[in-house]
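Trainee: Following this message is one structure expressed as C-alpha cells.
Number of protein chains: 2
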Amino acid sequence: MPGVGPRSAERIALWMVQSRGDQPEEISRAISTTRETVRPCPQCGFFTMQELCEICADPTRAADQLCVVEQPTDILPLEKTSAFRGRYHSLGGRISPLDHIGPEDLRINELVARVQGGGFAEVILALAADVEGQATTNYVVELLKPLAVTITRIAHGLPVGGGLESADELTLYQALSARTKL
Amino acid sequence: MPGVGPRSAERIALWMVQSRGDQPEEISRAISTTRETVRPCPQCGFFTMQELCEICADPTRAADQLCVVEQPTDILPLEKTSAFRGRYHSLGGRISPLDHIGPEDLRINELVARVQGGGFAEVILALAADVEGQATTNYVVELLKPLAVTITRIAHGLPVGGGLESADELTLYQALSARTKL
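If you read the sequences in order, they're chains A and B. First residue of the first sequence? That's 13 in the numbering used here, and the numbers climb one at a time after it. First residue of the second sequence? That's 13 in the numbering used here, and the numbers climb one at a time after it.
Structural data, given as C-alpha cells:
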C-alpha cells in the first residue's frame, strides 16, 4: 500500500494477528465493500456509489461549464477551492508516448461526444503545466475547436505566496508572457 | 555572512590565519572594492559600477516597457528568462505595515515620476504573489491609473512542471479565476 514501508507493514501484520477485537475483520469488510460499490462515474469518471456521481447528479451545479482534468483525484483539490461550480470530465491520464499512452487510451472521444451533445458554453482545460499536460491540452483543443464552445485553460504563472526569487525560469517566463491587464 | 554557520566560519578563520599566500588579502581587497564601486543605479535601483546600470544604459532595450520589481535581486531571475527586453524599476521592498515599511519608504514616487516623464506604453508589475506583494501592486496601480499607460501584472497560477495535486488551494483558485482563452 502507498506510504507503508516494510517496517510499518510488519507492525500492521503483527497487530492484525495479535488483535483480539473485530477491527481487522472490519477493515477487511470495508475494503471489500469499497471495491465492490465505488465505481467510476460513467459520465465524468469521478468516484461514485450511485448511477451517476454526486457532481453529475447535482442539479444546482452549472450545466454550461465543463472542467477537464487528468485524473478523478484532480477533482478533489479543485472542489476544495469552491471556485468552480460546473461539471467535470476526467480523461483518466494524459498523452505520454514514453509510457505508451496515446489519445485512444484516454476518455477523449467521450469528452468530444459530451461537448457535441451540447449545452456547454465553456470547456476549461485544467491539465498539468508540464510537457505532457501541455501536449494533451493541445490535442484536445484541436478536437474541440470546430465545436461552438469557448475553450479556456487555467492560468500558469507564479504560485500564490511565492516571490520572484523562488520561482523557476520557465514559470517566470510563463508568468511574464501571460501577464494580465489590470 | 549568509550561509556560513559557526563551523564554516571557524574553518574559514583558521584558513585565513594559517594561509601563506596572498588569497586572504585579495579577498579583503575585493570586498572593499565591491563596497566602494558597486552602487544602486539612480534610475532603476539595480546594481551598477557606472553612472547608470547596464540595463538602463543599453540602447537596444525597449524603452516603452517598464517592469516593476520589489528588490534589485528580482531583476536577475527575470533577465535569465530572456522574456523581457525592456527597462526595470526596483521599489526596494514592499508595503509591510508589520515591519513598519510604508509607501514613503519605497521608491514609489520615483516610479510615478518616471512614468509621468513619458515614453512608457506599458508598466508590468512583477511583485510577489503574496498578501504584501498584492497590497503593493494595488497601491501602485491606484497611483498609475490616471496616467496614460497600460498596466499589467505577471500571471499568477499553476507553476510550470506542476500537476494539480501538488498545487495549494489558493494557487488553484487563482489559476481557475484567471483562466485564459485558447
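We put the CB at the ideal spot given by N, CA and C, even for glycine.
Under a CB-based cut-off of 7 Å, is Ala160/A close to chain B?
Mentor: Not one chain B Cβ lies under 7 Å of Ala160/A.
Trainee: Can you look up Ile195/A in the DSSP assignment and give me helix, strand or coil?
Mentor: Because chain A here runs from 13 to 194, residue 195/A falls outside it and cannot be looked at.
Trainee: Taking 7 Å as the threshold (beta carbon to beta carbon), is Phe96/A in contact with chain C?
Mentor: The structure shown contains no chain C; the protein chains it does contain are A and B.
Trainee: What are the partner residues of Ile113/A, as DSSP defines its beta bridges?
Mentor: According to DSSP, which records beta bridges pairwise, Ile113/A is partnered with Ser108/A.
Trainee: Would Ile107/B pass as a contact of Thr148/B if the rule is Cβ separation under 7 Å?
Mentor: It is a contact, given that the beta carbons lie within the stated cut-off.
Trainee: Could you please give the first and the last residue of the uninterrupted alpha helix (DSSP H) stretch that includes Arg23/B?
Mentor: Pro18 to Gln30 is the extent of the alpha helix (DSSP H) around Arg23/B.
Trainee: Identify, in the order they occur along the chain, each residue of the same chain with its Cβ nearer than 7 Å to the Cβ of Gln128/A, setting aside the five sequence neighbours on each side.
Mentor: So the list reads Leu159, once near-sequence residues are dropped.
Trainee: Would you call the CB atoms of Pro84/A and Gly114/A closer than 7 Å?
Mentor: Not a contact, by the Cβ cut-off of 7 Å.
Trainee: So if I threshold CB-CB distances at 8 Å, which residues from the region 54-69 of chain B count as touching chain A?
Mentor: So nothing in the stretch comes that close.
Trainee: For chain A, find out if any of its Cβ atoms is closer than 7 Å to the Cβ of Thr49/B; answer yes or no.
Mentor: So, not an interface residue.
Trainee: Could you work out which residues of chain A lie near Gly169/B, taking near to mean beta carbons separated by less than 7 Å?
Mentor: Neighbours of Gly169/B on chain A, chain order: Ile166, Ala167, His168 and Gly169.
Trainee: With 16 other CB atoms within 10 Å as the buried threshold, where does Arg191/B fall?
Mentor: Label assigned to Arg191/B: buried.
Trainee: Which residue wins for smallest C-alpha separation from Leu103/B, given the options Arg19/B, Gln62/B and Pro52/B?
Mentor: Leu103/B has its Cα closest to that of Pro52/B, out of Arg19/B, Gln62/B and Pro52/B.
Trainee: In terms of DSSP beta bridges, what is Lys193/B paired with?
Mentor: Answer by DSSP bridge pairing, in chain order: Thr164/A.
Trainee: Cβ of His101/A within 7 Å of Cβ of Val80/A?
Mentor: Yes, they are a contact pair.
Trainee: Among the residues of its own chain, which have a CB less than 7 Å from the CB of Glu65/A, if the five just before and after it don't count?
Mentor: It should be pointed out that residue 65/A corresponds to Cys in this sequence rather than to Glu. So the list reads Cys53, Cys56, Phe58 and Phe59, once near-sequence residues are dropped.
Trainee: Apart from the five residues just before and just after Gly169/B, which ones in its own chain have a Cβ nearer than 8 Å to its Cβ?
Mentor: Result list for Gly169/B: Thr183, Gln186, Ala187 and Ala190, in chain order.
Trainee: Are Ile120/A and Thr164/A touching if we call contact CB-CB under 7 Å?
Mentor: Cβ atoms of Ile120/A and Thr164/A: not closer than 7 Å.
Trainee: Let me know the alpha helix (DSSP H) ranges lying completely inside the region 118-163 of chain B, each 4 residues or longer, listed in chain order.
Mentor: Those alpha helix (DSSP H) runs which fall completely within the region 118-163 of chain B and span 4+ residues are 120-128 and 143-156.
Trainee: Just grab the DSSP bridge partners of Pro52/A for me.
Mentor: For Pro52/A, which the question treats as bridged, DSSP gives the partners Phe59/A.
Trainee: Which residue comes first and which comes last in the alpha helix (DSSP H) that contains Cys68/B?
Mentor: Per DSSP, Cys68/B belongs to the alpha helix (DSSP H) from Glu66 to Ala69.
Trainee: Counting along the chain, where does the beta strand (DSSP E) carrying Val81/B start and finish?
Mentor: Per DSSP, Val81/B belongs to the beta strand (DSSP E) from Gln77 to Val81.
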